[in-house]
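Asks:
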Amino acid sequence: MTRQNIDLQDEILARLVCSDGFCKALGERPSRVRQLPLASEPDSISGRVSLSRPSVFRLAVSFDGGREEICILKLKSERIIKNGIELINCDRSPEFQQKLEAARSILGYDGSHIRESRFYGGVASSLGVYLPSFIGSFYDAETELYAILMREYGSDRAPNVKLLLDALDAITDFHAHYYNRRECVDSLLLNHHTTDVYREQKGILLGMLDRLEAENAATFSPEHRRLLYDFALHIDEHHASLPKHETLTHNDFTPRNIFWRKSEIMIYDWELACYQCPEHDLVEFLLFVMSRMSDGEIVSLIEYFKEKLFSKCGVSFDGETYGRILRFNLLEYCTNRLSLYRVCNKELHVDFIDELAKNAERLLTLMKI
Ligand SMILES: Nc1ncnc2c1ncn2[C@@H]1O[C@H](COP(=O)(O)OP(=O)(O)O)[C@@H](O)[C@H]1O
Ligand SMILES: [Mg+2]
10 MTRQNIDLQD
20 EILARLVCSD
30 GFCKALGERP
40 SRVRQLPLAS
50 EPDSISGRVS
60 LSRPSVFRLA
70 VSFDGGREEI
80 CILKLKSERI
90 IKNGIELINC
100 DRSPEFQQKL
110 EAARSILGYD
120 GSHIRESRFY
130 GGVASSLGVY
140 LPSFIGSFYD
150 AETELYAILM
160 REYGSDRAPN
170 VKLLLDALDA
180 ITDFHAHYYN
190 RRECVDSLLL
200 NHHTTDVYRE
210 QKGILLGMLD
220 RLEAENAATF
230 SPEHRRLLYD
240 FALHIDEHHA
250 SLPKHETLTH
260 NDFTPRNIFW
270 RKSEIMIYDW
280 ELACYQCPEH
290 DLVEFLLFVM
300 SRMSDGEIVS
310 LIEYFKEKLF
320 SKCGVSFDGE
330 TYGRILRFNL
340 LEYCTNRLSL
350 YRVCNKELHV
360 DFIDELAKNA
370 ERLLTLMKI
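Residue numbers (the numbering used here): 10 to 378.
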């Protein structure tokens, strides 16, 4: 393969494609690699945070003998985290900057550029039916870029209520497999927010709430606003009162990271994977899909998730305890990820973030929180 065969504007990408790591991932040296236009423009939040540099490329890889494969190359560098921190500290406060630089694992993005390749390389093979076929990953020391090479997929259909239930069924298989198996934190390089992490880093959550005062006044009822602030202030105590109920979660589980195919559901973009309550994935999923649903439909999704989870994990909680688990996860989502999206959105202007916040207010009301 010669450099001239590669029709790539991006020099860094060209270097990666010529590297030994790329050929090793493919198993043999390609005779030609062409960059193709993406089937659809990626519309992810982290894509926006990475600013001008695209992170997903579509490649036609040809081999001697005429075989050709279409692959997706996903690039990540630590730069995305630095860009994100700048967006969170929207008023450039030195005090808040100090907090963000001291420790910020609570936000979930530290290490995200390497986590996904570790995940695909190490996740239980029985869960592979839900994952895109992973060809390999490699690191380019000169550019400090991690790259993942995988097969290309797409969605054949739009999700209806039945498919939403199928997605919940699929994710609870992940939850059940790793249920209370803390060792996966190390083997899959997962985030893990312990009570100590919440205690030490809750200042970041409070700092984001401070920066969202005007936005929250327009979205949440006065009671919910007070509740969010009180919750963030005592989040470590709330966390300590939860039963032992943690597992591998996707932690970015939205229809945007699912391929809806005729015969299967495929879940991708595992870079934020985290060891925490499985209900985190439920809450996030609901906030993304509930806009056009009736209250009854939302409640039926919650019930479906609970039944699947309890039967697959062989656990059960009384109504009060399970209510506490749901409450923690919804409030944690509102004060952590949703706050992060909303602070960043002051600059990014991603259209669906406002809708997410409205859904959060509705879900707080529906769940009588
Ligand atoms: N295996 C794949 N096949 C086809 N398209 C993909 C594949 N992986 C990612 N993409 C496209 O790239 C976008 C961004 O990839 P994703 O893994 O979700 O990263 P992020 O959301 O962190 O930028 C996806 O929304 C999708 O449009
Ligand atoms: Mg994504």
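Cβ atoms here follow ideal geometry from the backbone N, Cα and C, with glycine treated the same way.
Values in this document were obtained by computation on a predicted structure and should not be read as measured data.
Could you pull out every unbroken beta strand (DSSP E) segment of at least 3 residues lying fully inside the region 265-289, listed in chain order?
Replies: List check, beta strand (DSSP E) in window: 267-269, 274-276 and 283-285.
Asks: Going by DSSP in three states, A148 sits in which element: helix, strand or coil?
Replies: The question names Ala, but residue 148 in the sequence shown is Tyr. In this structure, Y148 counts as strand in the three-state DSSP scheme.
Asks: Could you say if the region 129-143 and the region 275-291 meet the contact criterion of at least three C-beta pairs nearer than 8 Å?
Replies: Yes, the region 129-143 touches the region 275-291.
Asks: Using beta-carbon positions only, say whether L221 and F297 come within less than 8 Å of one another.
Replies: It is not a contact, given that the beta carbons lie outside the stated cut-off.
Asks: Once DSSP output is grouped into helix, strand and coil, what is the label at T203?
Replies: If DSSP states are grouped into helix, strand and coil, T203 belongs with coil.
Asks: Give a yes or no on contact between the region 168-177 and the region 77-91, applying the rule of three or more CB pairs nearer than 8 Å.
Replies: Contact fails: fewer than three Cβ-Cβ distances are below 8 Å.
Asks: For ligand 2, any of its heavy atoms closer than 7 Å to the Cβ of R265?
Replies: The answer is yes for R265.
Asks: Following a CB-centred definition, is D278 positioned closer than 7 Å to any heavy atom of ligand 2?
Replies: It does: the Cβ of D278 is within 7 Å (strictly closer) of some heavy atom of ligand 2.
Asks: I need the boundaries of the beta strand (DSSP E) containing E3, first residue and last residue.
Replies: Residue 3 lies beyond the stretch modelled for the chain, which goes from 10 to 378, so this question has no answer here.
Asks: Just verifying my parser: in three-state terms, what is the DSSP assignment at F361?
Replies: Residue state, collapsed to three classes: helix.
Asks: Quick one: what does DSSP say N14 is sitting in, helix, strand or coil?
Replies: Reliability of the predicted coordinates at N14 is poor, the pLDDT of 47 falling under 50, and no value is obtained from them.
Asks: Determine, using beta carbons only, whether L372 and M299 come nearer to each other than 8 Å.
Replies: Closer than 8 Å, so yes.
Asks: For ligand 1, any of its heavy atoms closer than 7 Å to the Cβ of P46?
Replies: Result no, Cβ not under 7 Å from ligand 1.
Asks: Excluding five sequence neighbours on each side, which residues of the same chain lie with their C-beta closer than 7 Å to the C-beta of E209?
Replies: A112.
Asks: Is the region 201-217 touching the region 240-251 in the sense that three or more CB pairs, one from each, lie closer than 8 Å?
Replies: Result yes; three or more Cβ-Cβ pairs closer than 8 Å.
Asks: When you compare only the Cα positions, how much space is there between F72 and L47?
Replies: The straight-line gap from Cα to Cα measures roughly 21 Å.
Asks: If I81 and E125 are in contact, beta carbons under 8 Å, what's the gap, nearest whole angstrom?
Replies: About 12 Å; that fails the 8 Å criterion.
Asks: Note down the Cα distance separating G246 from I79, rounded to an integer number of angstroms.
Replies: Before going on, a small fix: residue 246 reads as Glu here, not Gly. So the two alpha carbons sit approximately 50 Å from each other.
Asks: Looking at ligand 1, does it come within less than 7 Å of Y162, judged from the CB to the closest heavy atom?
Replies: Yes, the beta carbon of Y162 sits closer than 7 Å to at least one heavy atom of ligand 1.
Asks: Along the beta strand (DSSP E) that carries R43, what are the first and last residues, could you check?
Replies: Here the beta strand (DSSP E) through R43 covers R41 to L45.
Asks: Which of helix, strand or coil does DSSP assign to M217?
Replies: Three-state result, M217: helix.
Asks: Measuring CB atoms only, is the region 145-162 touching the region 31-47, in the sense that at least three cross pairs come out at less than 8 Å?
Replies: A contact exists between the region 145-162 and the region 31-47.
Asks: Is the CB-CB distance between H201 and Y118 below 8 Å?
Replies: No, Cβ-Cβ distance for H201 and Y118 is not below 8 Å.
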